[in-house]
Each structure stands twice: as structure tokens, then as C-alpha cells.
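Structure, as C-alpha cells:
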Amino acid sequence: MGKVTIDTIGKYDNQDVTVCGWLTHKRSSGRIRFLVLRDGTGTIQATCIKGETDNQVLDLYQELTQESSLAVTGTVHRDKRAPGGYEILVSSIEVLQIAETYPIAPKEHGVGFLMDHRHLWLRSSRQHAILRVRHAVINAARNFFDDQGFTLLDAPILTPSSCEGTTTLFEIDYFGDKKAFLSQSGQLYMEAGAMAFGKVYCFGPTFRAEKSKTRRHLTEFWMIEPEIAFADLETVMKLAEGLVVAIIEEVLQTRKEELHQLGRDLTRLEQVRPPFPVVSYDEAVQIVQDAGESMPWGEDFGGAHETIVSNHFDKPVLIHRYPAETKAFYMKNDPDRPEVALCVDMLAPEGYGEIIGGGQREDDPALLGQKIEKAELPAEDFAWYLDVRRYGSVPHAGFGLGIERTVGWICGLEHVRESIPFPRLLDRLYP
Ligand code: 4AD
Ligand code: MG
């Protein structure tokens, strides 16, 4: 047998294989020398025995440092005591590189130090587990939409205008004579796409020049955004619930081991079954006030308020019909109650805050024109967006789910910075 990966090692009991990887640590006990090897698919113990293993290999053992890159050849041996149930009885080792002294030692390091070494920190088992959960979350979300006939439509990253408010725009000089902005959301383009394809979604990085230093805010984050023609608020509330249920199911099915490793309380995730509680903004304000907090009707919830509301339920909660004044310009007002918008936020349980925002869009060209004007947005940049309402306007709705906050909640992380490979924060652009 030739080169194999550690995750498939069980198939090669009693056979000779080669595993390529990095040394995570080594230890010796009596006549035995253990090398613990990591290859990205798992870890395995490679065992050398004095008197049985070639002396050259035993000499090499002395030289090997943490993170040295190796190709280890030997016989796969089933052993209940070995972590993972298998070990390799080493016959030869090819050293690709003896690593320099590795900066991340098994001792405790501060977050700043680890973030400065994020390119190496990714190799640690905890980060590995989190990012494997992230992969499953993304996979589940994409499959969810693909299976329901949505077309993936990629939105541009360089945009001429704002979508989610002008105060959080990253500005770029676009060849001197024009400004461009990094996209805050693909939504406006998805609205055009929905009129062409019916059901669409985009999935990509989005940017917010947020001056907030909270555990929920990144300046670059990934969002999956579905948009549907001939749809209303109710439709997308159900869709949002279905998406989150599908994500949790997939993660519980494929990443239980990683969640265990992260010390996540699985019972909390297993509770995430439909139907989710649904409350109006008015009712949510009441919950906050009943908890003894002062919160006047008309304001948006702060982080602390969101925690109060989400702690009220053991599942994600959908809050609909916020005061229109607190929300973005493109939202449609409730015809029965024009002071509120036909919008919805989903708050994750356990104080993880808003993971989804969306709703029904203004489909009347005249009203939308007024909203653009009121928001003091440059009319010329939104001419195309009004066109979407001028040629066969229909009710339509959609939402955006933030990947990092969702991963942060599912993994039980203290801060979203660990839920993305290379986080971008107010004070972090390196590595
Ligand atoms: O509520 P938001 O701003 O909604 C939109 O951008 C809509 N245009 C989406 C749509 O309807 N197509 O953002 C949606 C989600 C939030 O619920 C949150 O999960 C995430 O994106 N998000 C952030 N995640 C990390 N860091 C930030 N600074 C985030 N801002 C929003
Ligand atoms: Mg929002």
C-alpha cells in the first residue's frame, strides 16, 4: 500500500502504509518511542521499539522537533489503547524538514499572540474542529438552497453604493475619478436576480467598516443570501427556520466529534427543532421591559437586549415587524401598520445574538424612490435598482445569514474571531 491519509487508516490493518504529516509531539516510555503525527484528516501514533525498529529511525527520533514534516512508513496495527484505535509500527521515516522551534507551545498563550500567529494556530486541534464545523455549516446551507431549486448567483464585491447604511462603508479609490465601496450585502443584486431566475442566492464575503469591538462583529464576514420572487415575509420566515434546522441537522450528523472536542453541550443544539418561536417586535420589547430594562418602543435592540430576548427561549427566535425607522431603506412597510417594516431577525439562543436579518422588499417604484431620497442616497446609483420595480414588479423577499455568528453559536465560541480562518477586525488585518 502506498500513501494513505489518517482518516482511512482502519482500512489497512496489518498492511504497510506511508502517512505524510507533521509531528505534533513525541514521547518515550521505556523501550518505546511514540511519534504523534497529524495530517489534517486526523492524528495517529507512530511507534518505534528499541531493539526492533531500525537504529537509524531511533536516532532520527532524537532530532525531530514539533511540526517537523515527515513521511512515516510502517505497518498498521489495531490497538485499543492507541488514540483512534490504530497505530503504525514504524519501519522507516523520511524527513522533509526538521522544523525550527515552533512558537506555539502546548502552554497557554494570550489571544493576541495566537491571532498574530493565526497562520500557524490553524494547525491546533481546537481551530481545526471549529473550521471543520464551519465547512459543514456552509455545505448544509448550500445544499439546502440547491435542493430547492435556487440558482447560485454571485454578487459583485466592488459596488457603487451602500446597501446597509453609509456609516459602515469601506471606500476604495476607483481609478481616480470614481469611488467604489466593498459590498455590505449582495441583496440588491439578488433582487434583480430573483426577477430573472425566480429563486436565487449568493454566498460570499461582505464588508462592514464597523467601529464596534464586540464579540459579534467582524469587518469582513461571509453571508448567504436567498431572494425569492412572488414571496412575502411569512415565506422567508419559514425558509429561515428551515435553513437553520438543516444546518444544525447536518452538523449534528457529521461533526459530533468536533463538537465534543469543543466541549459543546449537544443537548442545546438537539433542541433546535421546528417550530421556532415567533414574536413581534412589540412583544420582544415587552420581554425586555419585563426583565427590568428600560427600552422605549422605536429603538433597535442592543446586544444586552438581544440576550434577554434570546434567553427567554431555548430555540432560535424570530422577531418580526420592527419600527421602520430602525431598518434599512429597502424594506416594505406593513400596509396594515405603516410604522413597522415587514422584516425579520433571527436571534440565536444562549445570547449569541442576531444570525439572520431579512424581510419583504419595497416593490412599489414610487415609494422606493422616496425611500432612497429620504435615506439621502445618490439617485443615479440606484436607477438600476428602481428598474427592477419598473418592469413587472412583484412582491419579493429574502434574508441574509451570517456564517461566522452561526458557527460561533454552534461551536459555543466566546468570540466570532475563531469562526473564520483569517479574521478581519477593527484592530486586526494581519496575517
Ligand atoms: O442584518 P444584516 O445587516 O442584513 C443584510 O445585510 C441584508 N441585506 C441581508 C438580506 O436581506 N439579504 O446582516 C445579515 C446578517 C446578520 O444577521 C449577521 O448574522 C451577519 O449578517 N452580520 C455580521 N456578522 C459578523 N460581523 C458583522 N459586522 C456583521 N454584520 C452582519
Ligand atoms: Mg441586521
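Residue 881 in the numbering used here sits at position 178 of the sequence shown, and the numbers go up by one each step. Built from N, CA and C at the ideal position, the CB exists for glycine as well.
query: Who are the Cβ neighbours of residue 935 in its own chain at under 8 angstroms, not counting the five residues just before and after it?
result: Excluding positions up to five away in sequence, the list reads 1045, 1063, 1098 and 1100.
- prompt: Are the beta-carbon atoms belonging to residue 897 and residue 931 less than 8 angstroms from one another?
  reply: Using a Cβ distance threshold of 8 angstroms, residue 897 and residue 931 count as a contacting pair.
- request: Answer yes or no: the CB of residue 1114 versus the heavy atoms of the ligand 4AD, is any distance below 7 angstroms?
  value: Short note on residue 1114: C-beta not closer than 7 angstroms to any heavy atom of the ligand 4AD.
query: By how many angstroms is the C-alpha of residue 834 removed from the C-alpha of residue 1115?
result: Take the alpha-carbon of residue 1115 and the one of residue 834: they are about 13 angstroms apart.
query: What are the residues that DSSP puts in a beta bridge with residue 1034?
result: DSSP output for residue 1034 lists 1064 as bridge partner(s).
message: Let me check understanding here. Comparing Cα to Cα, which of 810, 830 and 768 lies closest to residue 803?
response: When only C-alpha atoms are compared, the closest one is 768.
query: Which residues in the same chain have their Cβ closer than 6 angstroms to the Cβ of residue 981, if we skip the five residues on either side of it in sequence?
result: These residues qualify, in order along the chain: 1021.
message: If you measure between the beta carbons of residue 906 and residue 944, is that distance less than 8 angstroms?
response: Not a contact, by the Cβ cut-off of 8 angstroms.
task: Quick one: using the 10 Å Cβ neighbour count with 16 as the cut-off for buried, is residue 904 buried or exposed?
output: Its Cβ being crowded by 16 or more others within 10 Å, residue 904 is buried.
query: Heavy atom of the ligand 4AD less than 7 angstroms from the Cβ of residue 1023, yes or no?
result: Remark: the C-beta of residue 1023 is outside contact range of the ligand 4AD, defined as less than 7 angstroms to any heavy atom.
task: State the beta-bridge partners of residue 797 as determined by DSSP.
output: Bridge partners of residue 797: 774.
field: Where the beta strand (DSSP E) through residue 1049 begins and ends
entry: Bounds of the beta strand (DSSP E) holding residue 1049 are 1046 to 1051.
- request: Check residue 940 in the structure and name its three-state DSSP category.
  value: Residue 940 carries a helical assignment under DSSP once its states are collapsed to helix, strand and coil.
query: Does DSSP classify residue 953 as helix, strand or coil?
result: In the three-state scheme derived from DSSP, where H, G and I count as helix and E and B as strand, residue 953 is classed as helix.
field: Uninterrupted alpha helix (DSSP H) stretches inside the region 827 to 893 (no shorter than 4 residues)
entry: For secondary structure counted as the alpha helix (DSSP H) over 4 or more consecutive residues, the region 827 to 893 holds these complete runs in sequence order: 828 to 850.
query: Quick one: what does DSSP say residue 815 is sitting in, helix, strand or coil?
result: Residue 815 carries a helical assignment under DSSP once its states are collapsed to helix, strand and coil.
- request: Measure the beta-carbon distance from residue 844 to residue 950 and round it to whole angstroms, keeping in mind my assumption that it falls under 8 angstroms.
  value: In this structure, residue 844 and residue 950 form a Cβ contact; the two beta carbons are roughly 6 angstroms apart against a cut-off of 8 angstroms.
query: By the 10 Å Cβ neighbour count, where 16 or more other Cβ atoms means buried, how is residue 1135 classified, buried or exposed?
result: Nothing can be reported for residue 1135: it is not among the residues displayed for the chain, which extend from 704 to 1134.
- request: Check the C-beta distance from residue 724 over to residue 761 and give it rounded, since I have them as a contact under 8 angstroms.
  value: Not really, about 19 angstroms apart at Cβ, beyond 8 angstroms.
- request: Please classify residue 745: is it buried, with 16 or more other beta-carbons within 10 angstroms of its beta-carbon, or exposed?
  value: Buried, because 16 or more other Cβ atoms sit within 10 Å of the Cβ of residue 745.
query: Got a sec, what are the start and stop residues for the alpha helix (DSSP H) residue 1106 sits in?
result: Segment 1106 to 1114, the alpha helix (DSSP H) holding residue 1106.
- prompt: Once you ignore the five residues that flank residue 776 on each side, which residues in its own chain have a CB closer than 6 angstroms to its CB?
  reply: Around residue 776: 721, 794 and 795.
message: Using 8 angstroms as the cut-off, can you tell me whether the region 994 to 1013 makes contact with the region 862 to 881, which would need three or more C-beta pairs spanning the two stretches below that distance?
response: Short answer: they don't touch.
task: Answer with buried or exposed for residue 924, where buried requires no fewer than 16 other C-beta atoms within 10 angstroms of its C-beta.
output: Taking all protein chains shown into account, residue 924 has 16 or more neighbouring C-beta atoms within 10 Å of its C-beta and is therefore buried.
query: If you compare alpha carbons, which of 1129, 784, 771 and 789 is closest to residue 778?
result: Out of 1129, 784, 771 and 789, 789 has the C-alpha closest to the C-alpha of residue 778.
query: How would the residue list near the ligand MG read, in chain order, if you kept each one whose beta-carbon is closer than 7 angstroms to any heavy atom?
result: What you get when you keep residues with a C-beta closer than 7 angstroms to any heavy atom of the ligand MG is 1048, 1057 and 1060.
query: Just to confirm, does residue 911 get its C-beta within under 7 angstroms of one of the non-hydrogen atoms of the ligand 4AD?
result: Yes; taking the cut-off as 7 angstroms, the Cβ of residue 911 has a heavy atom of the ligand 4AD nearer than that.
message: Taking 7 angstroms as the limit between beta carbons, can you name the residues of its chain near residue 1094, skipping five residues before and five after?
response: Non-local beta-carbon contacts of residue 1094 in its own chain, meaning distances under 7 angstroms to residues more than five positions away in sequence, are absent.
task: Compute the minimum distance between the beta carbon of residue 799 and the heavy atoms of the ligand 4AD, and state whether it is under 7 angstroms.
output: Residue 799: no, Cβ never under 7 angstroms from the ligand 4AD.
- request: Report yes if the C-beta distance between residue 801 and residue 827 is below 8 angstroms; otherwise report no.
  value: Going by C-beta atoms, residue 801 is not nearer than 8 angstroms to residue 827.
query: Where do the ends of the beta strand (DSSP E) carrying residue 728 lie?
result: Counting along the chain, the beta strand (DSSP E) containing residue 728 begins and ends at 719 to 732.
task: State yes or no: is the C-beta of residue 946 within less than 8 angstroms of the C-beta of residue 847?
output: Yes, these two residues count as a Cβ contact at 8 angstroms.
field: Chain-order list of residues whose beta-carbon lies under 7 angstroms from that of residue 1091 (same chain, five-residue window excluded)
entry: Exclusion of the five residues before and after residue 1091 leaves 894, 895 and 898 as the residues of its chain whose Cβ lies within less than 7 angstroms of its Cβ.
message: Using CA atoms only, rank isn't needed, just tell me which of 738, 784, 787 and 753 is closest to residue 766.
response: Selection 738, 784, 787 and 753 evaluated against residue 766 yields 738 as nearest (Cα-Cα).
- request: Quick one: residues in its chain with C-beta nearer than 6 angstroms to the C-beta of residue 749, no 5 flanking neighbours on either side, listed in chain order?
  value: Hits under 6 angstroms: 738, 740, 775, 791 and 793.
message: Please list the terminal residues of the continuous alpha helix (DSSP H) segment that includes residue 1201.
response: Residue 1201 lies beyond the range of the chain shown here (704 to 1134); nothing can be said about it.
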